[in-house]
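Everything on this sheet refers to the single structure shown next.
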Amino acid sequence: MTTTEARLLNLTDRVPQASPHDDIDKVRFYDLGMRRSALMAYKRPSDRILANVREGMTDLVEVGFNTGLLSLHVAGKLPDLAVSGVEENQNLVDVAEDNLTLAVWANSAGDVEFEMAKLNRLPFPDDSADIVFSFSSLHRWRRPVETLKECARICKPDGVVIIEDMNRHAEEGHITFILQFVKEGGDEFMRSLQAAYTRDETAELLQEAGLTDWQVVEEDLGLVISSRPLEPVST
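Residues in the sequence shown are numbered consecutively from 8, following our numbering.
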């Protein structure tokens, strides 16, 4: 996106969200919208995670699981692996637990566990996760540099960290395309987008975290951050 386009959409400067997801009713409405758009929103990130699963892996961790939909989908595809999710927003945890209860009732939950904890102090030992992943969460991390370090700490030496979030300076066409689908949630989407990082800002976070060998790739509306180069996934 050019500087002019960013200004037109008021996305030149990052504006952190003051209290994201502070209303349980709004979180339930957000979750409903994400369910309706799940095939579009979650297909590529889930395909990317699944493409990096290798024989012998046992543990996956999602950092900032929102309402748990991605973890539940991945766990349903990988019933022999444990998927642990960590979130520090109580409303998101409550709605994720409701979604987990429904998945269990439908016999499609896999091995999933959600818990509330600070993202900059992940409750896992060093080198314990085969894949550490995060989707649409980075923009609301309170301490992003510390949390990035934690992602690196808990990932096994032969594992991979995959973090995906929106790119505030994505091309305008990608933004307007998504706005056609979110409709009633358009204002919330734009607030989240305005809180998102650009590629250069993300690179600065990685630099500060000492993770200079990590990758940052622009992809449509988003950024894909990884601890090693990833093979592209189909759309």
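Here a beta-carbon is modelled for each residue, glycine too, at the ideal position from N, C-alpha and C. Since the model is a prediction, treat every value here as computed from it, not as a measurement.
Going by DSSP, what residues sit across from E208 in a beta bridge?
In the sequence shown, the residue the question calls residue 208 occupies position 201. E208 pairs with nothing; no bridge assigned.
Tell me the DSSP secondary structure of A136 in three-state form.
Taking the first residue of the sequence shown as 1, we reach residue 136 at position 129. Of the three classes helix, strand and coil, the one that applies to A136 here is strand, per DSSP.
Can you tell me whether DSSP reads A203 as helix, strand or coil?
Within the sequence shown, numbered from 1, the residue matching residue 203 stands at position 196. Coil at A203, not helix or strand.
For M41, name the three-state secondary structure that DSSP assigns.
As a first step, residue 41 must be located in the sequence shown, where it is residue number 34. In the structure shown, M41 sits in a helix (DSSP, three-state: H, G or I).
To the nearest angstrom, how far is the alpha carbon of D30 from that of D105?
Taking the first residue of the sequence shown as 1, we reach residue 30 at position 23. Taking the first residue of the sequence shown as 1, we reach residue 105 at position 98. Their backbone Cα atoms lie some 16 Å apart in a straight line.
Sequence-distant residues of the same chain with beta carbon closer than 7 Å to A202, five excluded per side
In the sequence shown, residue 202 corresponds to position 195, counting from 1. So the qualifying residues of the chain are R21, V22, P23, Q24, H146 and R147.
Is the stretch 86 to 98 touching the stretch 63 to 70 in the sense that three or more CB pairs, one from each, lie closer than 8 Å?
yes
DSSP state of G264 mapped onto helix, strand, coil:
Outside the shown range of the chain (8 to 242) lies residue 264, about which nothing can therefore be said.
Inter-residue Cα distance where the pair is S135 and Y37
If you number the sequence shown from 1, residue 135 lands on position 128. If you number the sequence shown from 1, residue 37 lands on position 30. In a straight line, the C-alpha of S135 is about 32 Å away from that of Y37.
According to DSSP, what are the bridge partners of I232?
If you number the sequence shown from 1, residue 232 lands on position 225. BP columns for I232 point to I170 and V223.
When V224, E120, E178 and G229 are compared against G75, the one with the closest alpha-carbon
On the sequence shown, position 68 is the one that residue 75 refers to. Nearest of V224, E120, E178 and G229 to G75, Cα basis: E120.
Do you know how far the Cα of H176 is from the Cα of S233?
Here residue 233 refers to the residue found at position 226 when the sequence shown is read from its first residue. Here residue 176 refers to the residue found at position 169 when the sequence shown is read from its first residue. Taking the straight line from one Cα to the other gives about 19 Å.
Can you look up G180 in the DSSP assignment and give me helix, strand or coil?
Residue mapping note: residue 180 aligns to position 173 of the sequence shown, counting from 1. Note: G180 maps to helix in three-state DSSP.
Proximity of L155 and A210 at Cβ, strictly below 8 Å
Numbered from its first residue, the sequence shown carries residue 155 at position 148. Numbered from its first residue, the sequence shown carries residue 210 at position 203. Contact flag unset, no.
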